[in-house]
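In our numbering, the protein residues as written are 1 to 265.
Only one structure is covered here, and it is reproduced in the block below.
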DNA sequence: CTATAGACCTGACGGC
DNA sequence: TGCCGTCAGGTCTATA
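Written out as C-alpha cells, the structure reads:
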C-alpha cells in the first residue's frame, strides 16, 4: 500500500485539481470508511490546501474544517473530470465544481476523519523525514532508545512517520545495514548512512512517482515507476545488483524483509 | 514495558 | 474449471 512517496505524489496531483474548488455533493458507498465526524458537513465548502504528515493526507477546508485520510493497504484518491469510465471499488465520491474526487479502496482498511476545530486523528505520530528537524542527531536519539531490530524500529510510525515495508528494506540496503541489527547498537557512521539513505531513497522514489504493485493507481490513474529500481524488495533469490549474491527473504514482525547478506552487515 | 499473534478485508496467484 | 492455501505497500488490539 501507499507509503510516503506514493502519498506525496497523490497530494501533489490533487493539489492542482482541488485547491480553490468547492465540494457540491458527497456520496458514501461504504459508511465504515468514515471513522469520525459528519461527512456531509464538507458539502458547500472549498478546499484551501492539501498536504501530508507521514502517510496521512490532510485536506484543509474553509471554516477550520479538516478532512484526514489514511490509505492503509489499498486506498487511493483518483481524480476524474467526469465518470464516463468509473473505476471499481469506489467507496466515497466527492463531486466538486470542476470534477470528481474518488476514494478507491479494495481491501477497505483505509479511513477518513472529518474534524472540526479539533486535533488530528493520530496520536504521537513520529517525525516526518522531510521535516527540517529530522537530523542525524535526532535519528540517533530515536534509535538509541530501542533495542528491537532496526528494520522494525524504522517501520514504527511513532518514531519516523512515512516509511513502510518496501522502503524500510530499500533504505537498509542502501545504507549497508543488516535489518536484524539491534537498533541501539548502531554506531554514529551507520546512523549517518541510514539518515542519508532515507532521504535519498524517498526523494528518488517521489520523483519516480512512487512504487506500483498490483493495481495501485496514482491520482491520475497511472502507475509509478520506482518498482523498476527496487534493489531488494520482492527480489528474493535474484542476484544483488551490487555483488550478485542472491537476495534473502526473512519474516520479521510478520512482515517480509529483504536484504543482501554480503552488502548488509 | 516488550514481543507476538490475530483481526480487519478483497483479490490474485500457484498447486493439485 | 474449481477449490484451497498463501500472500499483499498498514495499523490496532488482545494476550502472555
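The beta-carbon is built from N, C-alpha and C at its ideal position, and this holds for glycine as well.
Every value quoted in this text rests on a predicted model; they were computed, and no experiment measured them.
If we call anything under 9 Å between Cβ atoms a contact, is residue 268 one with residue 137?
-> Residue 268 cannot be examined here, being either before or after the span of the chain that is shown, 1 to 265.
Return helix, strand or coil for residue 107, following the three-state DSSP convention.
-> Note: residue 107 maps to coil in three-state DSSP.
Return the Cβ separation of residue 179 and residue 252 in integer angstroms, given the expectation that the two are a contact with Cβ distance under 8 Å.
-> About 6 Å; that satisfies the 8 Å criterion.
Tell me the start and end of each unbroken alpha helix (DSSP H) in the region 183-234 that is at least 4 residues and wholly inside, in chain order.
-> Here the runs fully enclosed are 188-207.
Report all residues from its chain with a CB closer than 8 Å to the CB of residue 227; omit the five preceding and five following residues, and keep chain order.
-> Spatial neighbours of residue 227 in its own chain (CB-CB distance under 8 Å, excluding positions within 5 residues in sequence) are listed in chain order as 211, 212, 213.
Looking at C-beta atoms only, is the number of pairs between the region 32-49 and the region 233-247 that lie closer than 8 Å three or more?
-> The region 32-49 is not in contact with the region 233-247.
In angstroms, rounded to a whole number, what distance separates the CA positions of residue 64 and residue 169?
-> For residue 64 and residue 169, the distance between alpha carbons rounds to 39 Å.
Report yes if the C-beta distance between residue 21 and residue 47 is below 9 Å; otherwise report no.
-> Taking 9 Å as the Cβ cut-off, residue 21 and residue 47 qualify as a contacting pair.
Beta-carbon proximity list for residue 261, same chain, < 7 Å, skipping 5 on both sides | Excluding the 5 residues flanking it on each side, residue 261 has same chain C-beta neighbours closer than 7 Å at 245, 248, in chain order.
Element boundaries [beta strand (DSSP E), containing residue 95] = Looking at the DSSP string, the run of the beta strand (DSSP E) that includes residue 95 is 90-96.
What residues in its chain sit with their C-beta under 7 Å from that of residue 233, if we drop five residues either side in the sequence?
-> 166, 169, 170, 258, listed in sequence order.
Give the single residue among 13, 90, 8, 203 whose Cα lies nearest to the Cα of residue 26.
-> Minimum Cα-Cα distance from residue 26 among the listed residues 13, 90, 8, 203 corresponds to 90.
Determine, using beta carbons only, whether residue 173 and residue 265 come nearer to each other than 9 Å.
-> By the CB criterion at 9 Å, residue 173 and residue 265 fall outside the cutoff.
Range covered by the beta strand (DSSP E) that runs through residue 165 | Here residue 165 belongs to no beta strand (DSSP E); instead the alpha helix (DSSP H) covers 165-175.
Use the C-beta contact count for residue 57: other C-beta atoms within 10 angstroms, 16 or more gives buried, fewer gives exposed.
-> The residue is buried, with at least 16 neighbouring Cβ atoms inside 10 Å.
Top-ranked residue by Cα proximity to residue 11, from 76, 66, 30 | Of the listed residues, the one whose Cα sits closest to residue 11 is 76.
Which residue spans inside the region 127-153 form an unbroken alpha helix (DSSP H) run of at least 4?
-> Within the region 127-153, the runs of alpha helix (DSSP H) at least 4 residues long that lie entirely inside it are, in chain order, 136-144.
Assuming residue 80 contacts residue 96 (C-beta within less than 8 Å), just tell me the rounded distance between them.
-> Under the criterion of beta carbons closer than 8 Å, residue 80 and residue 96 do not qualify as touching, at roughly 10 Å.
Nearest neighbour of residue 88, chosen from 200, 216, 134 [CA to CA] | Nearest option by C-alpha distance: 216.
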